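Chemist:
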Amino acid sequence: MSSSHLFFFYLLLSSMLTSTLLANKITDDHLALLAFKNGVTSDPSGALSSWNESVHFCNWTGVSCSHKHPHRVTALDLSMSDLGGFISPSIANLSFIQSIELPVNGFSGEVPPEFGLLHRLQYLNLSYNALQGVVPVNLANCSKLRVLDLGCNQLSGSIPVELGQTLPKLEMLILHNNSLIGVIPSSIGNLSSLTVLFLMRNNLQGTIPKELGRLSYLTTFVVHVNLLNGSIPPVLFNISSLIFFSVTDNQLHGNLPPSIGAKLPRLRNLFMGGNKLSGTIPASLSNASMLQMIDFPTNKFSGTVPLVFGWMKGLVHLNLEENQFQASDANDLSFIDSLVNCSNLQGFSIANNDLGGVLPLSLANFSKELQFLFLDNNHFSGIIPRGIENLISLNLMNFGGNDLTGQIPEHIGNIPMLQRLSFADNKLTGYIPSSIGNLTHDNNNNFVESSTTSTGIKGTIGYVPPEYGLGSEVSTMGDVYSYGILVLELFTGMRPVDERFKDGMTMRKFVEICASHDRIMEVIDPSLMFSQEQDDDDIEHGDISAVRKKIECLVSVVALGLACSVESPNERLGMPDVAAQMHAIRKRC
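Residue 290 in the numbering used here sits at position 283 of the sequence shown, with consecutive numbering throughout.
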């Protein structure tokens, strides 16, 4: 046989072998997907109806294949598909896969440790399922991983130290709402690309590692509702990229560093409530001039309240209740005067402190955006400021438990949005103004409290939490309820006092029923769904993913509104959770 014939034979054999290998690889990906489908035991929405032999697997719903390497699966996205069952380890045979998105389903069982074999994997999102077991240490082998989201499952065990040692590209580590124990590994400080760290609502103990101060790109640090103790490492406040910081409801103690605000030019949300923090609030906090939400309740902060808050022009929410702040004269209360500069202020609480002195009349000049004002259980004297009825957005107002004198302002009942008003335990005199009668109109649900024993409630359930009708004190959990109802109103176009809601049916209940039957899109305001030109353009150009993303974002917001407005206060999200979830939705959408 001539050399030319041998060469031709070699080429033919090589081609046959290559074709055989390619066929095997195609079969591998095909079989891996079929094995995944076999693990799905519930598919009421028919999300996998296209997964059959009449359609090439690269065209199956949720499957994307490579252009460079045809027939190799690079992404699996079955988000919000109402699937149940277990996640088959066979996915580990999809060796070209870069993205696995399975959030908001009903998968149970464990997170397959075989995922650690996927060396091209960049995005793994299994959040909002019912997964159990531990966070697989093998995920540390996925060196290209950029997003790891296992939040809102039933995972236990500790956070593997190895995750902080071999994932240099990891940008988002999201493990919130599980049952994780142990400490926050100091090795997380090695994740030089990390921007988001969500560890809230677990059972994590120990101290916050000072090594986290090395995370120079971190924007979001959320560890609230754990069992963390010790002090907050001052180095965390040197991370100039921080936007969202929450350590609420832990067992942290100590003072805030004197330079806390000096290097936080981008910080917008600062949540530290429910700890044992003490000392004074440093004046340097004023340098964090972008702050919008400051939440420091239920700590041991003392001294006078500084003027720093009045310099934050974008401030929306300031909660300093249940601390040990003191005041005895007008100078000590000048921080209240300074808040007049905060034209976006929507909520202010200084309740349950040790503040005395004459209540500043400047309250009447607060932002017309103000929705709640809590001054109760202090020692304020003087009168209720005239003109406070000009705060037309007020929803909740509590002056109870002070030493206020004089008369109730004549027009205070004319505030159109007012739902609860308390003057209990003061030294007020004179008549109750006739305008107060406006607060018990049949079309509202208002609570007027003028003494410790005199309460009245009429009307249908609107924005006011159910527990207020049972005599419960005004609380931030009540604010969360009102916020949830407001979100539902804004995103559905309905109002809680609409005529259709009667005989026990409420706006919230109606939305909840639709959501439970996978009909939530039926209640979302169509004007939000279809900015007609844009969506027609998206559909015309085949960009269905853009429309789908918009749907997912709208559904996420409505789901948040439902979570905020559950009837039992103990089952509602906390204020930091609400802010964190809105921050996450905004970042994603």
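Built from N, CA and C at the ideal position, the CB exists for glycine as well. In this text, all values refer to a predicted model and were calculated from it rather than measured experimentally.
Note down the Cα distance separating threonine 328 from aspartate 383, rounded to an integer number of angstroms.
Modeler: Counting from one through the sequence shown, the residue named residue 328 turns up at place 321. Counting from one through the sequence shown, the residue named residue 383 turns up at place 376. Checking the sequence shown, residue 328 turns out to be glutamate, not threonine. Going from the Cα of glutamate 328 to the Cα of aspartate 383 covers about 9 Å.
Chemist: Is DSSP giving lysine 556 helix, strand or coil here?
Modeler: For the purposes of this step, residue 556 is taken as residue 549 along the sequence shown, with counting starting at 1. Correct three-state label for lysine 556: helix.
Chemist: Who are the near neighbours of glutamate 417 in its chain, counting only those whose CB is closer than 7 Å to its CB and skipping five residues on each side?
Modeler: Counting from 1 along the sequence shown, the entry for residue 417 is found at position 410. Result list for glutamate 417: Pro440, Ser442, in chain order.
Chemist: Examine the Cβ distances between the region 48-56 and the region 72-79 and report whether three or more of them are shorter than 8 Å.
Modeler: Segments in contact, no.
Chemist: Output the distance between the C-alpha atoms of serine 429 and isoleucine 104, rounded to the nearest integer angstrom.
Modeler: Numbered from its first residue, the sequence shown carries residue 429 at position 422. Numbered from its first residue, the sequence shown carries residue 104 at position 97. Serine 429 and isoleucine 104: Cα-Cα distance of roughly 60 Å.
Chemist: On the DSSP bridge assignment, give the partners of glycine 92 in chain order.
Modeler: In the sequence shown, counting from the first residue as 1, residue 92 sits at position 85. Its beta-bridge partners are Val47, Phe114.
Chemist: Assuming the contact rule is C-beta atoms closer than 8 Å, isoleucine 239 and leucine 211 should be a hit. Round their C-beta distance to whole Å, please.
Modeler: Within the sequence shown, residue 239 is the residue found at index 232, counting from 1. Within the sequence shown, residue 211 is the residue found at index 204, counting from 1. Actually they do not touch by this definition, with Cβ atoms about 15 Å apart.
Chemist: Would the region 117-124 and the region 76-90 be scored as touching if the rule is three or more Cβ pairs under 8 Å?
Modeler: Not touching, per the Cβ criterion.
Chemist: How big is the Cα-Cα spacing for leucine 204 and asparagine 409?
Modeler: On the sequence shown, residue 204 is found 197 positions in, with the first residue counted as 1. On the sequence shown, residue 409 is found 402 positions in, with the first residue counted as 1. Approximately 42 Å, taken between the alpha carbons.
Chemist: Check tyrosine 130 in the structure and name its three-state DSSP category.
Modeler: On the sequence shown, position 123 is the one that residue 130 refers to. Here tyrosine 130 sits in strand by DSSP.
Chemist: From cysteine 596 to valine 562, what does the alpha carbon distance come to, in whole angstroms?
Modeler: The residue you call residue 596 lines up with position 589 of the sequence shown. The residue you call residue 562 lines up with position 555 of the sequence shown. Cα-Cα distance, rounded: 12 Å.
Chemist: According to DSSP, what are the bridge partners of alanine 295?
Modeler: Counted from its first residue, the sequence shown places residue 295 at position 288. Paired residues: none, contrary to the question.
Chemist: Just to confirm, is the Cβ distance from asparagine 209 to asparagine 236 under 7 Å?
Modeler: Working through the sequence shown from its first residue, we reach residue 209 at position 202. Working through the sequence shown from its first residue, we reach residue 236 at position 229. Contact flag unset, no.
Chemist: Beta-carbon within less than 6 Å of leucine 109's beta-carbon, same chain only, minus the 5 sequence neighbours each way: which residues are those?
Modeler: Sequence index remark: in the sequence shown, residue 109 carries index 102 (1-based). Leu85, Leu133, listed in sequence order.
Chemist: Would the beta-carbon of proline 583 fall within 7 Å of that of phenylalanine 278?
Modeler: In the sequence shown, the residue the question calls residue 583 occupies position 576. In the sequence shown, the residue the question calls residue 278 occupies position 271. Yes, these two residues count as a Cβ contact at 7 Å.
Chemist: Using beta-carbon positions only, say whether glutamate 169 and serine 193 come within less than 7 Å of one another.
Modeler: Residue 169 sits at position 162 when you count from the first residue of the sequence shown. Residue 193 sits at position 186 when you count from the first residue of the sequence shown. In this structure, serine 193 does not lie closer than 7 Å to glutamate 169 by Cβ.
Chemist: Please classify histidine 63 as buried or exposed, where buried requires at least 16 neighbouring CB atoms within 10 angstroms.
Modeler: Looking up residue 63 in the sequence shown gives position 56. It is exposed - the Cβ of histidine 63 has fewer than 16 other Cβ atoms within 10 Å.
Chemist: Just to confirm my understanding: we take glutamine 588, look at its own chain, exclude 5 residues before and 5 after, and list those with CB closer than 6 Å. What are they?
Modeler: The residue labelled residue 588 in the question sits at position 581 within the sequence shown. Cβ within range, chain order: Leu567.
Chemist: Can you look up histidine 231 in the DSSP assignment and give me helix, strand or coil?
Modeler: Reading the sequence shown from its first residue, position 224 is the one you call residue 231. Histidine 231: coil per DSSP, three-state reduction.
Chemist: Got a sec, what are the start and stop residues for the alpha helix (DSSP H) cysteine 521 sits in?
Modeler: Walking along the sequence shown from the start, residue 521 turns up at place 514. Here the alpha helix (DSSP H) through cysteine 521 covers 514-523.
Chemist: Shortest alpha-carbon distance to isoleucine 415 belongs to which of Ser199, Thr202, Gly354, Gly389?
Modeler: The count along the sequence shown starts at 1 and reaches residue 415 at position 408. The shortest C-alpha separation from isoleucine 415 is found at Gly389.
Chemist: Identify every residue that forms a DSSP beta bridge with histidine 7.
Modeler: Here the chain covers residues 8 to 596 and nothing more, so residue 7 does not appear.
Chemist: Report the partner residues of phenylalanine 179 according to the DSSP bridge assignment.
Modeler: Position 172 of the sequence shown holds residue 179. The displayed chain sequence assigns methionine, not phenylalanine, to residue 179. Its beta-bridge partners are Val154, Val203.
Chemist: Would you mind working out which of Asp532, Ala39, Ile267 sits nearest methionine 501, comparing C-alpha positions?
Modeler: Taking the first residue of the sequence shown as position 1, residue 501 is located at position 494. Methionine 501 has its Cα closest to that of Asp532, out of Asp532, Ala39, Ile267.
Chemist: Identify, in the order they occur along the chain, each residue of the same chain with its Cβ nearer than 8 Å to the Cβ of leucine 411, setting aside the five sequence neighbours on each side.
Modeler: Position 404 of the sequence shown, counting from 1, holds the residue named residue 411. Cβ within range, chain order: Leu366, Phe387, Ser388, Gly389, Ile390, Ile391, Phe430, Asn433, Lys434, Leu435.
Chemist: When we look at the beta-carbon of glycine 394 and count the other beta-carbons within 10 Å, is it buried (16 or more) or exposed?
Modeler: Locating residue 394 in the sequence shown gives position 387, counting from the first residue. Classification of glycine 394: exposed, given that the 10 Å Cβ count is below 16.
Chemist: Mind checking asparagine 306: buried by the 16 CB within 10 Å criterion, or exposed?
Modeler: Numbered from 1 along the sequence shown, position 299 holds the residue referred to as residue 306. With 16 or more other Cβ atoms within 10 Å, it is buried.
Chemist: CA-CA distance, leucine 131 and serine 266?
Modeler: Counted from its first residue, the sequence shown places residue 131 at position 124. Counted from its first residue, the sequence shown places residue 266 at position 259. Computed Cα separation, rounded: 38 Å.
Chemist: Exposed or buried, which one is glycine 437 when buried takes at least 16 other CB atoms within 10 Å?
Modeler: Within the sequence shown, numbered from 1, the residue matching residue 437 stands at position 430. Glycine 437 should be labelled exposed.
Chemist: Could you check what DSSP says for glutamate 329 in three-state terms: helix, strand or coil?
Modeler: Here residue 329 is taken as the residue at index 322 of the sequence shown, counted from 1. It is coil, neither helix nor strand.
Chemist: Just checking: is the beta-carbon of asparagine 45 within a distance shorter than 7 Å of some beta-carbon in chain C?
Modeler: Of the protein chains in this structure there is only one, and it is not chain C.
Chemist: Leaving aside the five residues before and after leucine 648 along the sequence, list all residues of the same chain whose C-beta is less than 6 Å from its C-beta, in chain order.
Modeler: With the chain covering 8 to 596 only, the question about residue 648 has no answer from this structure.
Chemist: Please return the same chain residues whose Cβ sits closer than 8 Å to the Cβ of serine 350, not counting the five positions on each side in sequence.
Modeler: Taking the sequence shown and counting its residues from 1, one reaches residue 350 at position 343. Taken in chain order, the residues that qualify are Lys320, Ser374, Glu376.
Chemist: Nearest by alpha-carbon distance to valine 518: which of Ser572, Val230, Asp339 is it?
Modeler: Walking along the sequence shown from the start, residue 518 turns up at place 511. Residue Ser572 is the option with its Cα nearest to valine 518.
Chemist: Give me the Cβ distance between asparagine 326 and glycine 354, rounded to the nearest whole Å; I'm assuming they're in contact under 8 Å.
Modeler: As a first step, residue 326 must be located in the sequence shown, where it is residue number 319. As a first step, residue 354 must be located in the sequence shown, where it is residue number 347. With 8 Å as the limit, asparagine 326 and glycine 354 qualify as a contact, their Cβ atoms being about 7 Å apart.
Chemist: Of all the options Val111, Gln378, Asp339, which has the alpha carbon lying nearest to the alpha carbon of aspartate 361?
Modeler: Position 354 of the sequence shown, counted from the start, is the residue given in the question as residue 361. The shortest Cα separation from aspartate 361 among Val111, Gln378, Asp339 belongs to Asp339.
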